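K.L.:
To start, I am sharing the structure in question, which I have written as structure tokens.
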């Protein structure tokens with residue numbers, strides 16, 4: 472963990488000017504509401520979570536390399552895949568509370584509408600939670616995380632408390648319930664686990680190349696920087712595939728939500744509101760959207776609404 476912490480510190484110090492610059496832009500644009508102290512605390516928390524999770528993954532990898540000289544790629548890949556599954560399961564209850572406080576959505580008309588949409592979509596929900604995100608940001612959001620006993624639907628409190636029409640809030644929740652209906656968190660976890668398996672195999676190939684060049688063995692702590700560099704490179708290279716799948720999943724959730732609510736106008740107004748509040752580019756460069764866009768553009772989502780429910784009034 473010491474090596475990982477040192478490398479993380481070096482990386483954070485190198486990128487800190489960019490993080491501060493982005494933070495200033497968010498403040499100037501009115502996207503952030505937290506103080507510099509609260510922002511710094513979130514930064515430290517995020518780094519600590521990353522250090523702990525990365526250290527566990529590397530410890531598993533190095534142990535496998537040292538113990539199983541020939542079969543370690545398959546064994547390490549399988550164990551890391553299990554780590555991905557466990558991480559996805561416990562993330563809502565171990566990590567999310569470090570950054571937000573969650574309370575149940577109050578009884579009332581909005582909650583009744585959400586329960587009705589859940590019944591139409593065939594989704595069982597124990598509760599809908601509200602996160603105190605307004606102390607950090609002015610952007611609107613909702614999400615589904617976890618699976619099994621940790622599955623939850625979360626709304627930002629500024630989505631519920633601000634002057635957002637209830638029809639638009641219901642549209643947001645219908646989209647998130649669609650993710651739950653299609654088990655998209657489980658799908659994402661499975662894809663992540665598959666990626667871990669593939670990573671184990673690729674590391675096996677890299678190990679052979681490293682040995683031939685006389686570099687540190689994969690079981691040596693000196694190989695940690697190389698492993699982290701390869702992981703960072705792989706993250707960038709697989710982004711088009713990962714984000715392409717993500718956009719398909721998001722579009723499917725939009726279609727399901729539109730059919731369950733039969734209300735295209737609130738959906739479209741919501742997309743416009745989200746884009747304005749987050750200052751999203753409605754027509755991003757094609758290459759940028761293909762490589763880095765995890766969600767369809769606003770114009771694409773409006774077109775989806777018209778394709779599903781017909782021309783808008």
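In the numbering used here, the protein residues as written are 472 to 784. Note that beta-carbon positions come from the ideal geometry of N, C-alpha and C, so glycine has one too. Only a predicted model underlies this, so the values are computations on that prediction, with no experimental measurement involved.
1. So what does residue 616 bridge to, in DSSP terms?
2. Could you tell me which of 503, 640, 631 and 695 sits nearest to residue 608, measuring between CA atoms?
3. Can you give the Cα-Cα distance for residue 481 and residue 680, rounded to whole angstroms?
4. Mapping the DSSP letters down to three states, classify residue 601 as helix, strand or coil.
5. Report the option in 627, 577, 531 and 780 whose CA atom is closest to the CA atom of residue 613.
6. Hey, residue 645 and residue 542 are a contact pair by Cβ (cut 8 Å); roughly how many whole angstroms apart?
7. What separation, rounded to the nearest whole angstrom, lies between the Cα atoms of residue 652 and residue 721?
8. Alpha helix (DSSP H) containing residue 753: first to last residue?
9. Less than 8 Å separating the beta-carbons of residue 615 and residue 647?
10. Can you grab the Cα-Cα spacing for the pair residue 577 / residue 522, in whole Å?
11. Are the CB atoms of residue 666 and residue 545 nearer to each other than 8 Å?
12. Please name the residue or residues paired with residue 727 in a DSSP beta bridge.
13. Go ahead and pull the three-state DSSP assignment for residue 608.
14. For the stretch 548-606, which segments carrying the beta strand (DSSP E) assignment without a break, of at least 3 residues, lie completely within its bounds, in sequence order?
15. Touching or not, the stretch 700-713 and the stretch 580-600, by the rule of three or more beta carbon pairs under 8 Å?
16. Are residue 754 and residue 768 closer than 8 Å when you measure CB to CB?
17. Alpha carbon to alpha carbon, how far is residue 763 from residue 533? Give it in angstroms, no decimals.
18. So the candidates are 611, 610 and 622; which of them puts its Cα closest to the Cα of residue 597?
19. Within the 8 Å Cβ cut-off, does residue 513 reach chain D?
20. Determine which residues share a DSSP beta bridge with residue 503 and list them.
21. Considering only their Cβ atoms, is the gap separating residue 560 from residue 517 smaller than 8 Å?
P.N.:
The relevant details are as follows:
1. Per DSSP, 623.
2. Looking at the Cα atoms, 503 is the closest of the given residues.
3. 27 Å
4. Three-state result, residue 601: strand.
5. 627
6. Not quite, the Cβ-Cβ distance comes to about 47 Å (not below 8 Å), so this is no contact.
7. Just so you know, the alpha carbons of residue 652 and residue 721 end up roughly 13 Å apart.
8. First-last for residue 753: undefined, no H or E at that position.
9. yes
10. 37 Å
11. no
12. Per DSSP, none; premise fails for residue 727.
13. strand
14. 573-575 and 599-602
15. no
16. Contact: yes.
17. 31 Å
18. 622
19. Absence of chain D from the displayed structure is noted, only one protein chain being present.
20. 608
21. In this structure, residue 517 keeps its C-beta atom at 8 Å or more from the C-beta atom of residue 560.
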